[in-house]
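Protein chains: 2
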Amino acid sequence: MPKKFLTVSKSKDVIPKILSLIDLPIEEEEIDIENALNRYTAEDVVATFDSPPFRKSLVDGFAVRSVDTKGASPGNPIPFKLLGEVHIGTFEHRRLNPSETFFIPTGGAIVDGADAVVMREYTEIHNDEVFIMKEVSNEENVLPIGEDIKKNDVILERGERITPRKIAGMRNFGVKSIRVIKPIRIGIFSTGDELRDEGPLKQGEIYDSNSYTLAAEAKQDGFIVSRYGIVKDNFESIVSMLKKSISQNNVTFMSGGTSKGNFDFTVDAINSLGKPGVVIHGMHLSPGKPTVFGIASRKLIVGFSGNPLASFLVYRNIVRTIIFKKLGLKLKKKVIFAELSENIPSRKGREEYIIGNLINKDGKNIVRPMFSESAFISPLLYGDGIITIPLMSEGLEKGERVVFELW
Amino acid sequence: MPKKFLTVSKSKDVIPKILSLIDLPIEEEEIDIENALNRYTAEDVVATFDSPPFRKSLVDGFAVRSVDTKGASPGNPIPFKLLGEVHIGTFEHRRLNPSETFFIPTGGAIVDGADAVVMREYTEIHNDEVFIMKEVSNEENVLPIGEDIKKNDVILERGERITPRKIAGMRNFGVKSIRVIKPIRIGIFSTGDELRDEGPLKQGEIYDSNSYTLAAEAKQDGFIVSRYGIVKDNFESIVSMLKKSISQNNVTFMSGGTSKGNFDFTVDAINSLGKPGVVIHGMHLSPGKPTVFGIASRKLIVGFSGNPLASFLVYRNIVRTIIFKKLGLKLKKKVIFAELSENIPSRKGREEYIIGNLINKDGKNIVRPMFSESAFISPLLYGDGIITIPLMSEGLEKGERVVFELW
Chain A
1 MPKKFLTVSK
11 SKDVIPKILS
21 LIDLPIEEEE
31 IDIENALNRY
41 TAEDVVATFD
51 SPPFRKSLVD
61 GFAVRSVDTK
71 GASPGNPIPF
81 KLLGEVHIGT
91 FEHRRLNPSE
101 TFFIPTGGAI
111 VDGADAVVMR
121 EYTEIHNDEV
131 FIMKEVSNEE
141 NVLPIGEDIK
151 KNDVILERGE
161 RITPRKIAGM
171 RNFGVKSIRV
181 IKPIRIGIFS
191 TGDELRDEGP
201 LKQGEIYDSN
211 SYTLAAEAKQ
221 DGFIVSRYGI
231 VKDNFESIVS
241 MLKKSISQNN
251 VTFMSGGTSK
261 GNFDFTVDAI
271 NSLGKPGVVI
281 HGMHLSPGKP
291 TVFGIASRKL
301 IVGFSGNPLA
311 SFLVYRNIVR
321 TIIFKKLGLK
331 LKKKVIFAEL
341 SENIPSRKGR
351 EEYIIGNLIN
361 KDGKNIVRPM
371 FSESAFISPL
381 LYGDGIITIP
391 LMSEGLEKGE
401 RVVFELW
Chain B
408 MPKKFLTVSK
418 SKDVIPKILS
428 LIDLPIEEEE
438 IDIENALNRY
448 TAEDVVATFD
458 SPPFRKSLVD
468 GFAVRSVDTK
478 GASPGNPIPF
488 KLLGEVHIGT
498 FEHRRLNPSE
508 TFFIPTGGAI
518 VDGADAVVMR
528 EYTEIHNDEV
538 FIMKEVSNEE
548 NVLPIGEDIK
558 KNDVILERGE
568 RITPRKIAGM
578 RNFGVKSIRV
588 IKPIRIGIFS
598 TGDELRDEGP
608 LKQGEIYDSN
618 SYTLAAEAKQ
628 DGFIVSRYGI
638 VKDNFESIVS
648 MLKKSISQNN
658 VTFMSGGTSK
668 GNFDFTVDAI
678 NSLGKPGVVI
688 HGMHLSPGKP
698 TVFGIASRKL
708 IVGFSGNPLA
718 SFLVYRNIVR
728 TIIFKKLGLK
738 LKKKVIFAEL
748 SENIPSRKGR
758 EEYIIGNLIN
768 KDGKNIVRPM
778 FSESAFISPL
788 LYGDGIITIP
798 LMSEGLEKGE
808 RVVFELW
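Line by line, the protein sequences give chains A and B.
Mapping the first sequence onto our numbering, position 152 (from 1) lands on 152, and the numbers just tick up by one.
One gets our numbering by counting positions in the second sequence from 1 and adding 407 to each.
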């Protein structure tokens with residue numbers, strides 16, 4: 001029969017404790033921006049000039065001195081002399097004199113002397129004369145220099161993930177290459193004599209899912225994964241795989257063998273690798289209480305519960321937070337308030353994670369908790385995100401607003 | 408000066424029209440599930456057995472016949488004969504007789520004859536006797552067969568994107584390989600003599616951002632991208648690049664040259680490739696009105712506005728919808744209701760997209776529209792998602808609930 005947990009810690013204590021005990025290599029490399037999608041910047045990226053760098057027209061129309069349009073209307077068209085057309089990407093060096101105009105397309109550079117643009121809809125052209133039928137004010141339809149982004153504004157902070165939109169922002173300033181953080185390596189294996197990788201199951205056996213799921217989560221976050229599959233549930237096999245994984249990776253995840261009859265192997269195996277060994281031995285979390293954190297040579301070893309739901313939630317909420325913080329990466333979560341569709345009972349003194357479905361109805365964001373046993377897989381398949389119930393809550397009531405993290 | 412648009416279409420008409428005129432190859436391949444992250448399934452995946460496949464214990468405790476626990480309490484402990492321990496992954500073939508018990512860890516298979524499990528917290532062990540101090544009812548702490556997922560339940564629909572959570576679900580059923588849809592190829596280039604890829608800018612010049620951003624968006628969606636960079640703004644160069652891209656790709660994106668002085672080149676170049684040529688020539692959209700859809704040999708050519716914000720929004724809201732629909736892929740958007748922080752004026756008769764910031768405050772989801780000129784890049788850099796203003800709306804009011812798509 002298993003021993004009881006040695007210690008049970010709060011997740012908010014676990015994170016700083018582990019951070020102080022581990023090292024992760026923070027290495028940088030310079031890559032072409034074309035290959036930078038989903039990487040993390042190793043540097044703040046700043047605007048190298050005011051954007052836009054010149055005054056631009058906001059419309060297709062005619063650049064004018066606004067004073068010359070005073071009183072213009074459909075009943076009182078005012079004639080202007082058309083000097084020509086400004087082309088996108090070129091700059092017109094002639095200066096406007098009174099009652100002169102240039103055609104400027106949207107985005108075109110405003111000619112000197114002009115202070116406004118009249119939309120083409122309010123004009124009529126006869127030969128080289130343009131009749132303006134609308135009065136415009138100073139700066140109307142003109143985009144000032146630096147109105148969008150000022151020189152030296154930070155457009156990407158160190159540690160931000162590079163999205164297509166961030167690429168748009170960097171390319172606006174001509175960025176061709178960028179320093180990014182090299183991904184760390186994570187070794188992952190599952191333990192358990194009941195685990196099968198494929199083929200028919202005997203009674204009581206299950207398929208290994210955690211080594212695949214944790215690998216996919218870690219890849220999604222941009223890390224390099226070595227998945228070692230299933231390891232036999234005995235001290236020697238676990239120690240041998242731990243040694244291999246630690247030598248080849250920066251972090252090791254193992255799953256299974258943390259709460260059951262084989263619990264001792266995991267703890268003993270980690271402890272056999274040297275001090276400090278197992279430093280966290282159970283958390284005030286549901287699901288995910290039987291999670292083990294160990295350290296060998298300042299490298300992190302996480303022993304996840306064999307339960308897929310628990311290991312997924314502990315990775316998402318605790319382990320990746322530790323790794324991101326240690327590397328200085330920014331974790332951007334999509335968090336909203338949503339209204340609970342029903343009561344959630346909870347036990348005071350443990351943090352709880354419940355997967356929920358988001359329902360958009362009658363202008364409301366409603367979250368329906370997917371109550372489940374911890375061995376269920378359906379919340380992972382069909383859920384939309386995670387409700388967190390704080391440590392000291394005694395439960396949440398129907399209609400209450402809760403914090404919901406969309407995944 | 409540019410010609411006016413030939414026709415201006417509503418986005419809801421554009422999508423079915425284009426779908427009827429184009430072909431995309433829907434090819435499948437079988438891959439290892441380990442490499443399936445972010446691919447799209449080519450088949451429904453169904454549960455091959457009831458899950459869980461056997462009755463399981465929900466707790467660490469002692470399997471009993473519930474009738475034998477009647478009246479048990481701390482003041483009235485009832486003795487049971489301890490027959491042994493069920494190990495995870497094994498199945499105990501002995502059957503419980505009255506007042507016998509087995510220890511079962513969480514997740515362990517319930518022994519025949521037992522109909523409930525007493526948590527170890529309510530027991531005391533003395534040699535081979537277990538004293539039960541709590542009455543349990545029939546099925547208490549027992550997870551029935553198939554309680555999570557029933558055999559033949561669809562766990563992944565065709566066209567769904569494969570997330571780490573879907574991998575967990577498939578691995579529960581031992582899925583080792585999966586048929587996925589082969590990614591299509593998209594060729595992308597920018598046109599415009601004002602565009603530079605790098606180096607210092609002359610007055611009026613800008614850096615090419617669209618070919619990079621559209622490439623990143625398309626890659627994020629799982630397509631294979633050939634980015635051809637900047638093409639000279641003349642008929643011959645555009646035709647030559649279009650021919651090359653069409654021969655090498657399933658879809659071609661070009662950006663720029665749709666609204667400005669060079670508009671005609673785009674339209675003429677597409678039309679020169681054969682019938683039907685340009686089929687959509689402007690949309691009732693803001694930003695993104697000057698978007699061109701052309702067809703050559705039933706292959707789609709999209710002429711995006713040179714404006715990064717417009718081309719991004721048109722890709723997100725129109726073009727990817729077309730491609731996903733044609734391939735039968737499911738587009739999962741994270742959509743919520745949010746309260747507007749201020750009025751948004753709009754012109755009736757055009758659909759508008761406005762980028763916004765989501766602010767979680769006092770239990771409310773508030774969206775602050777980032778009013779911007781269409782040439783702005785800051786909404787892409789700093790926004791959180793997209794507010795859509797319907798075609799016939801005359802604007803939205805402060806405090807109104809709007810649909811907000813988080814990106």
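Every residue gets a Cβ at the ideal spot worked out from N, C-alpha and C, and that includes glycine.
Keep in mind that this is a model prediction, so the values were computed, not measured.
Practice problem: Go through its chain and collect everything with a Cβ distance to Asn764(B)'s Cβ below 8 Å, but skip five positions before and after it. | Solution: Counting from 1 along the second sequence, the entry for residue 764(B) is found at position 357. So the list reads Val774, Arg775, Met777, Tyr789, Gly790, Asp791, once near-sequence residues are dropped.
Quiz item: Would Val402(A) be called buried (16 or more neighbouring beta carbons within 10 Å of its own) or exposed?
Solution: Indexing the first sequence from 1 puts residue 402(A) at position 402. Classification of Val402(A): buried, given that the 10 Å Cβ count is 16 or more.
Self-check item: Assigned secondary structure, Pro752(B) (DSSP; H/G/I helix, E/B strand, else coil)
Solution: Here residue 752(B) corresponds to residue number 345 of the second sequence, with the count starting at 1. If DSSP states are grouped into helix, strand and coil, Pro752(B) belongs with the strands.
Quiz prompt | chain A residues whose Cβ lies nearer than 7 Å to that of Phe783(B) | solution = Start at 1 with the first residue of the second sequence, and residue 783(B) comes out as number 376. Here the neighbours are Asp148.
Exercise. Count the other C-beta atoms from every protein chain shown that fall within 10 angstroms of the C-beta of Pro590(B), then say buried if there are 16 or more, exposed otherwise.
Key: Sequence index remark: in the second sequence, residue 590(B) carries index 183 (1-based). The residue is buried, with at least 16 neighbouring Cβ atoms inside 10 Å.
Exercise. Assign Ala109(A) to one of three DSSP states: helix, strand, or coil.
Key: Here the question's residue 109(A) lines up with position 109 in the first sequence. Correct three-state label for Ala109(A): strand.
Quiz item: Near Gly328(A), what residues of its chain come up, given a Cβ to Cβ distance below 6 Å and the 5 sequence neighbours on each side ignored?
Solution: Position 328 of the first sequence holds residue 328(A). These residues qualify, in order along the chain: Gly159.
Exercise. On a CA-only basis, which of Phe487(B), Ile794(B), Lys419(B) is nearest Glu804(B)? Give me that one, please.
Key: Taking the second sequence and counting its residues from 1, the one referred to as residue 804(B) is at position 397. Among Phe487(B), Ile794(B), Lys419(B), the Cα nearest to that of Glu804(B) belongs to Ile794(B).
Quiz item: Name the chain A residues that come within less than 9 Å of Gln627(B), Cβ to Cβ?
Solution: As a working mapping, residue 627(B) is identified with position 220 in the second sequence. Within 9 Å Cβ-Cβ: Leu37, Asn38, Thr163, Pro164.
Exercise. Could you say which of Ile730(B), Ala449(B), Ala470(B) lies nearest to Asn657(B) if we only look at CA atoms?
Key: Sequence index remark: in the second sequence, residue 657(B) carries index 250 (1-based). Out of Ile730(B), Ala449(B), Ala470(B), Ile730(B) has the C-alpha closest to the C-alpha of Asn657(B).
Quiz item: Can you list, in chain order, the residues of the region 752-773 of chain B whose Cβ is nearer than 8 Å to any Cβ on chain A?
Solution: Leu765, Asn767, Gly770, Lys771, Asn772
Self-check item: Ala745(B), enclosing alpha helix (DSSP H) - first and last residue
Solution: Along the second sequence, read from residue 1 onward, the residue named residue 745(B) stands at position 338. Segment 741-747 is the beta strand (DSSP E) holding Ala745(B); no alpha helix (DSSP H) there.
Quiz item: I think Val421(B) touches Ile687(B), with their Cβ atoms under 8 Å apart; what is that distance to the nearest whole Å?
Solution: Translated into positions along the second sequence, residue 421(B) becomes position 14. Translated into positions along the second sequence, residue 687(B) becomes position 280. With 8 Å as the limit, Val421(B) and Ile687(B) qualify as a contact, their Cβ atoms being about 5 Å apart.
Exercise. Measure the Cβ-Cβ separation of Lys424(B) and Leu798(B) and say whether it is below 8 Å.
Key: Within the second sequence, the letter at position 17 stands for residue 424(B). Within the second sequence, the letter at position 391 stands for residue 798(B). No; because the gap between Cβ atoms is not below 8 Å, this pair is not in contact.
Quiz item: Just the Cα atoms here: how many angstroms apart are Thr659(B) and Arg705(B)?
Solution: Along the second sequence, read from residue 1 onward, the residue named residue 659(B) stands at position 252. Along the second sequence, read from residue 1 onward, the residue named residue 705(B) stands at position 298. Thr659(B) and Arg705(B): Cα-Cα distance of roughly 12 Å.
Practice problem: Enumerate, from N- to C-terminal direction, the unbroken beta strand (DSSP E) stretches of 3 or more residues contained entirely within the region 667-735 of chain B. | Solution: Taking 3 residues as the shortest admissible run, the region 667-735 of chain B contains the following complete beta strand (DSSP E) segments, listed from N- to C-terminal end: 683-688, 699-703, 706-711.
Practice problem: Could you have a look at Ile26(A) and say whether DSSP puts it in helix, strand or coil? | Solution: Numbered from 1 along the first sequence, position 26 holds the residue referred to as residue 26(A). Looking at Ile26(A) - three-state DSSP - the assignment turns out to be coil, as it is neither helix nor strand.
Exercise. Output, in chain order, the set of chain B residues within a Cβ distance shorter than 7 Å of Arg401(A).
Key: Stepping through the first sequence from its first residue, residue 401(A) is reached at position 401. What Arg401(A) touches in chain B: Gly770.
Self-check item: Contact list for Pro52(A) against chain B, beta-carbon separation under 7 Å
Solution: Here residue 52(A) is taken as the residue at index 52 of the first sequence, counted from 1. Those within 7 Å of Pro52(A) in chain B are Ala782.
Quiz item: Can you find a CB in chain A that lies within less than 8 Å of the CB of Pro715(B)?
Solution: For this step, residue 715(B) is matched to residue 308 along the second sequence. With 8 Å as the cut-off, Pro715(B) counts as an interface residue toward chain A.
Practice problem: With 8 Å as the threshold, decide whether the Cβ of Lys733(B) is near any Cβ in chain A. | Solution: Working through the second sequence from its first residue, we reach residue 733(B) at position 326. It does not: the Cβ of Lys733(B) has no partner Cβ on chain A nearer than 8 Å.
Quiz item: Tell me, which residues are paired with Glu397(A) by DSSP?
Solution: As a working mapping, residue 397(A) is identified with position 397 in the first sequence. Answer is none; Glu397(A) lacks a bridge partner.
Quiz item: Quick one, which of Lys348(A), Trp407(A), Phe54(A) has its alpha-carbon nearest Ile336(A)'s?
Solution: Position 336 of the first sequence, counting from 1, holds the residue named residue 336(A). Closest by alpha carbon: Trp407(A).
Self-check item: Assigned secondary structure, Gly174(A) (DSSP; H/G/I helix, E/B strand, else coil)
Solution: Stepping through the first sequence from its first residue, residue 174(A) is reached at position 174. Looking at Gly174(A) - three-state DSSP - the assignment turns out to be coil, as it is neither helix nor strand.
Quiz item: Identify the residues that DSSP records as bridge partners of Ser226(A): which are they?
Solution: In the first sequence, the residue the question calls residue 226(A) occupies position 226. Beta-bridge pairing links Ser226(A) to Gly187(A).
Quiz item: Any idea which residues DSSP pairs Leu407(B) with across the strands?
Solution: One cannot answer for residue 407(B) here, as it falls past the ends of chain B, which runs 408 to 814.
Quiz item: What residue range is occupied by the uninterrupted alpha helix (DSSP H) comprising Thr620(B)?
Solution: Counting from 1 along the second sequence, the entry for residue 620(B) is found at position 213. Segment 617-627, the alpha helix (DSSP H) holding Thr620(B).
Quiz item: Residues of chain A with a CB under 9 Å from the CB of Ser647(B): which are they?
Solution: Here residue 647(B) refers to the residue found at position 240 of the second sequence. By Cβ distance, chain A contributes nothing, its closest Cβ being about 21 Å from Ser647(B), past 9 Å.
Quiz item: Just how far apart, CA to CA, sit Pro409(B) and Gly363(A)?
Solution: For the purposes of this step, residue 409(B) is taken as residue 2 along the second sequence, with counting starting at 1. For the purposes of this step, residue 363(A) is taken as residue 363 along the first sequence, with counting starting at 1. Bear in mind that a pLDDT of 47 at Pro409(B), under 50, signals an unreliable position, so the model cannot answer this.
Quiz prompt | Segment limits, alpha helix (DSSP H) that includes Glu643(B) | solution = Here residue 643(B) corresponds to residue number 236 of the second sequence, with the count starting at 1. Unbroken alpha helix (DSSP H) run through Glu643(B): 642-655.
Quiz item: Are any of the Cβ atoms in chain B nearer than 8 Å to that of Leu406(A)?
Solution: Mapped onto the first sequence, residue 406(A) falls at position 406. Between Leu406(A) and chain B, the shortest Cβ-Cβ separation is below 8 Å.
Quiz item: Would a check of beta-carbon distances place Lys667(B) closer than 8 Å to chain A?
Solution: Sequence index remark: in the second sequence, residue 667(B) carries index 260 (1-based). In this predicted model, Lys667(B) has a pLDDT of only 46, less than 50, meaning its place in the structure is not dependable enough to derive any value.
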